[in-house]
Amino acid sequence: MNRALSSPSSGDDFSRPIYTERYDSNFAAHFSTPGFVPISYSQHYPYEVDVKTERQTFVNDVPLRHDSSVSTFNAMGPPQLHATLPTFPSDEWFQDEYFDSSRQFSQANTVLGGPGVGQSQASLQANIPVNDYDRPLLDHFVDNVLRMIFPILEVHQRGSARARSVLQSLETNKSYFHCCLSVAAIHLKTTSRLNGEQIDHDIMRHRYEAISELCKALNKDADHEHILDATLAMIFFHCSVGAPDDYLPDIPWNDHFQAASNLVSKLDLTNQLIPCGPMHTVPPFSMSLTSWIDILGATMLGKTPQFAHSYRAKHLSGTSSGLRELMGCDDRIMYLISEVACLESLKMEGRVDSIAVCTHVAALGSQLEYTEDADTTLMSPYSPGTGAIRPDALTKTMTAIFRIAARIYLCSLIPGADRNQTSTINLVNALTDAMSYVPSGPFGFDRSLVWPLLIAGAFSTPSSPFRQVLDDRVTALGDLADLGSIGRMYQLLNEYWRLSDDPVSPSFPSGETSSRQDTNPRRRGRMLASLFLFRHLECEKSRGSRFTGEMS
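Add 225 to a position in the sequence shown, counting from 1, and you land on the number used in my numbering.
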């Protein structure tokens with residue numbers, strides 16, 4: 226289901242070009258991205274699941290203990306997972322012990338609106354077909370997980386529109402439904418410190434049911450919008466609640482995204498706009514979420530974003546992708562981050578020399594300056610009268626933080642860039658100062674700033690105040706610090722700092738050592754991140770599980 230983003234509080238008019246005189250019209254001409262040829266899938270979904278059970282179930286060669294049975298299936302004939310994964314005894318004991326402990330989370334949440342909104346939500350929730358055993362997981366998702374997924378969008382919409390759209394998808398989209406229940410089980414496991422076969426069984430059962438429903442829909446070559454919504458949910462929802470030490474088998478996010486990008490192209494979503502009021506148009510919600518994952522995911526992979534050409538065209542025309550209302554960062558900044566990712570990809574492929582890199586860095590730096598507001602003063606997002614969050618003030622601060630991080634990312638491409646340079650230190654300090662205007666804690670917005678925090682952390686020096694500020698804010702999150710991308714980011718940064726602050730060059734996974742310490746923090750950070758992930762992979766292999774990558 227495609228849902229339009231609307232924000233009456235947005236002060237930006239994207240119906241007109243943003244840049245007039247100061248924009249370098251020749252920039253796009255001399256900065257071209259190599260043509261991206263998407264990988265085409267056949268009509269059958271590229272997933273295969275093999276299950277063998279003899280007191281254990283093997284999924285992708287990973288053992289899970291269950292009753293004795295043998296079953297093998299693939300995407301050509303989607304399985305009935307409820308038959309291949311038997312239920313555990315004493316379901317009542319499971320619900321009483323696991324879900325009683327989750328009521329504390331629902332008590333901390335507020336209602337999504339007034340009494341009428343609550344009744345509407347309850348009515349929609351009651352229409353969702355779910356068995357008695359899975360009902361507690363559905364309730365846990367609605368009560369405790371739903372508000373965590375899009376906190377910025379919640380601030381802009383101030384109502385139940387998002388909740389209603391999600392509940393409608395839960396009712397009509399089976400793959401989306403099972404994805405949400407799997408995410409609810411992950412959240413319950415992490416926040417309640419649950420360990421055992423029962424909760425892992427529920428996570429995997431719904432995870433495989435979600436894939437099975439995708440297989441059915443793709444084999445029918447129908448319901449493409451439902452397939453896209455479910456696939457994006459598998460990426461983004463898990464990035465919001467997944468634990469850093471998750472050992473259960475899963476499909477890597479970038480494999481999911483390849484399928485999602487093919488669907489976006491098939492549906493021509495990059496060119497679709499939905500009327501929003503008499504003077505505005507907005508893209509479909511699924512395209513906004515796709516753009517966010519595409520741009521930031523590309524910076525993590527060192528690759529060109531899948532839809533980089535579309536972002537460049539929208540940047541030149543001043544067209545919105547709905548990213549400001551969705552995640553809090555101005556669309557223009559996100560488009561420029563896409564351009565930086567393109568430049569990095571060209572540099573890594575050896576397609577541009579050092580002089581060309583510096584030229585493009587200067588051009589992109591100028592474009593980042595053009596996005597600055599005339600009034601750069603940041604203010605508290607809380608309304609003096611009511612204490613409510615002011616969306617414009619919050620997104621202005623978050624945009625400033627992303628802009629600084631984008632500049633750090635851009636400058637890291639200059640040959641010889643180093644975190645000890647005065648300019649880099651000043652940028653990290655500026656980002657640290659801007660963080661003081663973002664609410665922290667469980668009901669704050671730190672979890673929406675994982676990417677800029679990761680970039681700033683990778684270039685922070687041992688004496689930088691950024692590290693203490695980040696530590697304090699992660700501590701203030703409490704149990705939420707262990708959830709999703711922010712937990713992975715903080716764990717990775719601590720490992721990176723431990724290794725990069727050591728004057729001795731770290732060993733490579735093969736045992737070879739570098740003869741000369743790499744002074745480029747971003748390149749060194751990537752190498753150390755690879756080392757960290759390699760060690761994690763070896764640890765997981767020793768535990769008999771398969772490591773899968775996650776997008777930070």
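Every residue gets a Cβ at the ideal spot worked out from N, C-alpha and C, and that includes glycine.
Next item on the list: Could you tell me how far apart the beta carbons of H174 and N398 are, in whole angstroms, since I believe they sit closer than 8 Å?
Entry: No statement about residue 174 is possible, as the shown extent of the chain runs from 226 to 777 and does not include it.
Item checked: Status (buried if at least 16 other CB within 10 Å, exposed otherwise) for S417 -> The residue you call residue 417 lines up with position 192 of the sequence shown. It counts as buried.
Item checked: the region 580 to 587 touching the region 530 to 546, judged by at least three CB pairs closer than 8 Å -> no
Checklist line | The alpha helix (DSSP H) enclosing I411, as first and last residue numbers | finding: Indexing the sequence shown from 1 puts residue 411 at position 186. For I411, the enclosing alpha helix (DSSP H) stretches over residues 399 to 416.
Note to self: For F402, which residues in the same chain have their Cβ closer than 7 Å to its Cβ, ignoring the five residues on either side in sequence?
What the structure shows: For this step, residue 402 is matched to residue 177 along the sequence shown. Listed in chain order, the non-local C-beta contacts of F402 below 7 Å within the same chain comprise L395, local neighbours out to five positions each way being set aside.
Note to self: Cutting at 7 Å between CB atoms, please list the residues of its own chain near V391, excluding the five before and the five after it.
What the structure shows: Here residue 391 refers to the residue found at position 166 when the sequence shown is read from its first residue. Contacts found: L371.
Next item on the list: Might you give, ordered along the chain, the residues of its own chain that have their beta carbon closer than 8 Å to the beta carbon of L656, omitting 5 neighbours on each side?
Entry: Residue 656 sits at position 431 when you count from the first residue of the sequence shown. Cβ neighbours of L656 beyond the five flanking positions: I626, I629, A630, I633, P677, A681, F691.
Item checked: Alpha-carbon spacing of S535 relative to T495, whole angstroms -> Translated into the one-based positions of the sequence shown, residue 535 becomes position 310. Translated into the one-based positions of the sequence shown, residue 495 becomes position 270. Those two C-alpha atoms are separated by around 7 Å.
Check: Taking Cβ positions, are A485 and L453 nearer each other than 8 Å?
Finding: Position 260 of the sequence shown holds residue 485. Position 228 of the sequence shown holds residue 453. Against a cut-off of 8 Å, the Cβ pair of L453 and A485 comes out as a contact.
Check: Ordered along the chain, which non-local residues of its own chain (more than five positions away) have a Cβ less than 8 Å from that of S648?
Finding: Walking along the sequence shown from the start, residue 648 turns up at place 423. Within the same chain, and ignoring the five residues on either side of S648 in sequence, the residues whose Cβ sits closer than 8 Å to its Cβ are C636.
Next item on the list: Specify the secondary structure class of I476 as computed by DSSP and reduced to three states.
Entry: Taking the first residue of the sequence shown as position 1, residue 476 is located at position 251. I476 carries a coil assignment under DSSP once its states are collapsed to helix, strand and coil.
Note to self: For L674 and L695, what's the separation of their Cα atoms in angstroms?
What the structure shows: Your numbering for residue 674 matches position 449 in the sequence shown. Your numbering for residue 695 matches position 470 in the sequence shown. C-alpha separation (whole angstroms): 11 Å.
Margin query: Using 8 Å for Cβ pairs, my map puts P508 next to L521. What's the rounded Cβ distance?
Written below: Stepping through the sequence shown from its first residue, residue 508 is reached at position 283. Stepping through the sequence shown from its first residue, residue 521 is reached at position 296. At roughly 17 Å, the Cβ-Cβ gap does not stay under 8 Å, so P508 and L521 are not in contact.
Next item on the list: Within the region 478 to 512, note down every full alpha helix (DSSP H) run reaching 4 residues or more, in order along the chain.
Entry: 478 to 492
Check: Is it true that the region 546 to 561 meets the region 511 to 528, where meeting means three or more beta-carbon pairs spaced less than 8 Å apart?
Finding: yes
Notebook entry, point to check: Around the C-beta of E422, are 16 or more other C-beta atoms found within 10 angstroms, so that it is buried, or is it exposed?
Noted result: Taking the first residue of the sequence shown as position 1, residue 422 is located at position 197. With fewer than 16 Cβ atoms within 10 Å of its Cβ, E422 is classed as exposed.
Margin query: If you reduce the DSSP assignment to three classes, tell me which class L395 lands in.
Written below: For the purposes of this step, residue 395 is taken as residue 170 along the sequence shown, with counting starting at 1. Helix.
Next item on the list: Decide if A447 is buried, meaning its Cβ has at least 16 other Cβ atoms within 10 Å, or exposed.
Entry: For this step, residue 447 is matched to residue 222 along the sequence shown. A447 comes out exposed.
Next item on the list: Please state whether DSSP places I580 in a helix, a strand or coil.
Entry: On the sequence shown, residue 580 is found 355 positions in, with the first residue counted as 1. DSSP places I580 in helix when its eight states are reduced to three.
Checklist line | Opposing strand residues paired with Y607 [DSSP bridges] | finding: Here the question's residue 607 lines up with position 382 in the sequence shown. Answer is I614, bridged to Y607.
Item checked: Neighbourhood of G553 by C-beta distance below 6 Å, restricted to the same chain and skipping five residues each side -> The residue labelled residue 553 in the question sits at position 328 within the sequence shown. These residues qualify, in order along the chain: I377, T620, M623, S673.
Margin query: Which of the three DSSP states is assigned to C554 in this structure?
Written below: For the purposes of this step, residue 554 is taken as the residue at position 329 of the sequence shown. Note: C554 maps to coil in three-state DSSP.
Notebook entry, point to check: Using the rule of at least 16 other Cβ atoms within 10 Å of the residue's Cβ for burial, across every protein chain shown, is P354 buried or exposed?
Noted result: Along the sequence shown, read from residue 1 onward, the residue named residue 354 stands at position 129. Answer is exposed; the Cβ neighbour count stays below 16.
Item checked: Contact belief for L561 with Q592 at Cβ below 8 Å, rounded distance in angstroms -> Residue mapping note: residue 561 aligns to position 336 of the sequence shown, counting from 1. Residue mapping note: residue 592 aligns to position 367 of the sequence shown, counting from 1. The pair is a contact, with the Cβ atoms about 6 Å apart (cut-off 8 Å).
Next item on the list: Answer yes or no: do S608 and Y662 have a C-beta to C-beta separation smaller than 8 Å?
Entry: As a working mapping, residue 608 is identified with position 383 in the sequence shown. As a working mapping, residue 662 is identified with position 437 in the sequence shown. Contact flag unset, no.
Margin query: Tell me the DSSP secondary structure of N369 in three-state form.
Written below: Within the sequence shown, numbered from 1, the residue matching residue 369 stands at position 144. Correct three-state label for N369: helix.
Checklist line | Sequence-distant residues of the same chain with beta carbon closer than 6 Å to P500, five excluded per side | finding: Locating residue 500 in the sequence shown gives position 275, where the first residue counts as 1. If we look at P500 and ignore the five residues flanking it on each side, its Cβ neighbours are T506.
Next item on the list: Report, in whole angstroms, the separation of the C-beta atoms of T415 and A468, which I expect to be a contact under 8 Å.
Entry: Mapped onto the sequence shown, residue 415 falls at position 190. Mapped onto the sequence shown, residue 468 falls at position 243. About 5 Å separates the two Cβ atoms, so the contact holds.
Check: For S400 versus A435, is the C-beta spacing smaller than 8 Å?
Finding: As a first step, residue 400 must be located in the sequence shown, where it is residue number 175. As a first step, residue 435 must be located in the sequence shown, where it is residue number 210. With a cutoff of 8 Å on beta-carbon distance, S400 and A435 are scored as near each other.
Notebook entry, point to check: Are H449 and L488 close, meaning C-beta to C-beta below 8 Å?
Noted result: Here residue 449 refers to the residue found at position 224 of the sequence shown. Here residue 488 refers to the residue found at position 263 of the sequence shown. In this structure, L488 lies closer than 8 Å to H449 by Cβ.
Check: If you run the structure through DSSP and keep just helix, strand and coil, what is T601?
Finding: As a working note, residue 601 is residue 376 in the sequence shown. For T601, the three-state secondary structure derived from DSSP is coil.
Check: When the Cα of R169 is compared with those of I711, I428, T686, which residue comes out closest?
Finding: What is shown of the chain runs 226 to 777, which leaves residue 169 out entirely.
Margin query: Alpha carbons only, please: which of L443, I428, W478 is nearest the one belonging to K491?
Written below: Looking up residue 491 in the sequence shown gives position 266. Of L443, I428, W478, the residue nearest in Cα terms is L443.
Note to self: Please tell me whether D480 and L406 are closer than 8 Å, where the distance is taken between their beta carbons.
What the structure shows: Here residue 480 refers to the residue found at position 255 when the sequence shown is read from its first residue. Here residue 406 refers to the residue found at position 181 when the sequence shown is read from its first residue. Cβ distance not < 8 Å, so D480 and L406 don't count as in contact.
Margin query: For M714 and A706, what's the separation of their Cα atoms in angstroms?
Written below: Here residue 714 refers to the residue found at position 489 when the sequence shown is read from its first residue. Here residue 706 refers to the residue found at position 481 when the sequence shown is read from its first residue. Taking the straight line from one Cα to the other gives about 10 Å.
Notebook entry, point to check: If S570 sits next to T611, beta carbons under 8 Å apart, how far is it from one beta carbon to the other, in whole angstroms?
Noted result: The residue labelled residue 570 in the question sits at position 345 within the sequence shown. The residue labelled residue 611 in the question sits at position 386 within the sequence shown. Not confirmed; about 46 Å, so no contact.
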